[in-house]
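I have placed the structure first, in the form of structure tokens, so that the comments after it can refer back to it.
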Ligand SMILES: Nc1nc2c(ncn2[C@@H]2O[C@H](COP(=O)(O)OP(=O)(O)OP(=O)(O)O)[C@@H](O)[C@H]2O)c(=O)[nH]1
Ligand SMILES: [Mg+2]
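Rendered as structure tokens:
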């Protein structure tokens, strides 16, 4: 009887944990975004932009949003570090792909790195949120989310849900809206269902 009530209590009150990969080429603003997420969603003050250095390993950020626990894995985007990305694919519920929207000369590089990510079998069906970052008042040259979508013209989405949002990792503009949308999509995605089934099966071994 106890286990029945415990199971029900756990079902009602335990928040599901989702793993979200934060990818993108170097200097796109991934770590600045991660630190801003910490400030926006918790009492912890994230690192200020002037103390953030290029990422070599992995930065992890945990927040609670839209009644879910979110774990962000922020990886280095330098060309020699991109081979590490795939080690995290299997366990990821979704991808956030960050692009410096003020730098069209790097869009092609961003696009080909992203296409490689999307082709990988371990990320099949993972929802994708593409952020047109650096929409900051001091950088008026940033392209909008719609313009970025046109530039990238992604063809190999393979049935996954893809969203574009304009954000500023500096001042936080657009971030909460984008994350809430992503969580909604993660909760309904087939990928989440299959990761849950796999975790359940592993638990019964
Ligand atoms: N103006 C402006 N600058 C930003 C914004 N986000 C990041 N930056 C700047 O862009 C540069 C790179 O930011 P990072 O967060 O280190 O970029 P990253 O994608 O983590 O880079 P790697 O770790 O090398 O992959 C830094 O100088 C940031 O201050 C933004 O929203 N607006
Ligand atoms: Mg970084």
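Residue numbers (the numbering used here): 363 to 567.
Each residue gets a CB set at the ideal place from its N, CA and C atoms; glycine is no exception.
Treat the numbers as computed from the prediction; the structure is a model and nothing was measured.
Contact set for residue i: own chain, Cβ-Cβ below 8 Å, skip 5 residues either direction
| i | result |
| --- | --- |
| residue 525 | 489, 490, 491, 492, 540, 543, 544, 547 |
| residue 527 | 491, 492, 493, 494, 507, 536, 539, 540, 543 |
| residue 454 | 381, 382, 383, 435, 485, 488 |
| residue 448 | 482, 484 |
Beta-carbon proximity list for residue i, same chain, < 6 Å, skipping 5 on both sides
| i | result |
| --- | --- |
| residue 431 | 377, 379 |
| residue 514 | 473 |
| residue 344 | No answer is possible for residue 344: it lies beyond the span of the chain, which begins at 363 and ends at 567. |
| residue 424 | 433 |
| residue 459 | 385, 386, 476, 492 |
| residue 418 | 438 |
| residue 426 | none |
Neighbourhood of residue i by C-beta distance below 7 Å, restricted to the same chain and skipping five residues each side
| i | result |
| --- | --- |
| residue 496 | 391, 462, 463, 464, 504, 530 |
| residue 468 | 387, 462 |
| residue 421 | 393, 396, 436 |
| residue 444 | 475 |
| residue 367 | none |
| residue 389 | 462 |
| residue 511 | 526 |
| residue 400 | 406, 408, 423, 425 |
| residue 446 | 437 |
Closest residue to residue i among the options (Cα-Cα distance)
| i | options | result |
| --- | --- | --- |
| residue 499 | 535, 467, 476 | 535 |
| residue 471 | 457, 455, 441, 454 | 441 |
| residue 549 | 523, 466, 532, 562 | 523 |
| residue 415 | 439, 399, 429 | 439 |
| residue 479 | 561, 450, 368 | 450 |
| residue 398 | 553, 533, 554 | 533 |
| residue 557 | 364, 509, 452 | 452 |
| residue 520 | 512, 553, 509 | 553 |
Extent of the continuous alpha helix (DSSP H) run through residue i
| i | result |
| --- | --- |
| residue 459 | That residue, residue 459, is in no alpha helix (DSSP H); its beta strand (DSSP E) goes 456–462. |
| residue 414 | It is not in any alpha helix (DSSP H) - residue 414 carries neither H nor E in the DSSP assignment. |
| residue 548 | 537–550 |
| residue 527 | Per DSSP, residue 527 belongs to no alpha helix (DSSP H); it is in the beta strand (DSSP E), 524–528. |
| residue 630 | Shown here, the chain extends from 363 to 567; a query on residue 630 therefore has no answer. |
| residue 513 | 507–514 |
| residue 399 | 392–403 |
The beta strand (DSSP E) enclosing residue i, as first and last residue numbers
| i | result |
| --- | --- |
| residue 385 | 379–385 |
| residue 433 | 430–437 |
| residue 424 | 420–427 |
| residue 493 | 490–495 |
Task: Validate contact between the region 401–412 and the region 553–566 using beta carbons, cut 8 Å, 3 pairs - done: At 8 Å Cβ cutoff, the stretches do not touch.
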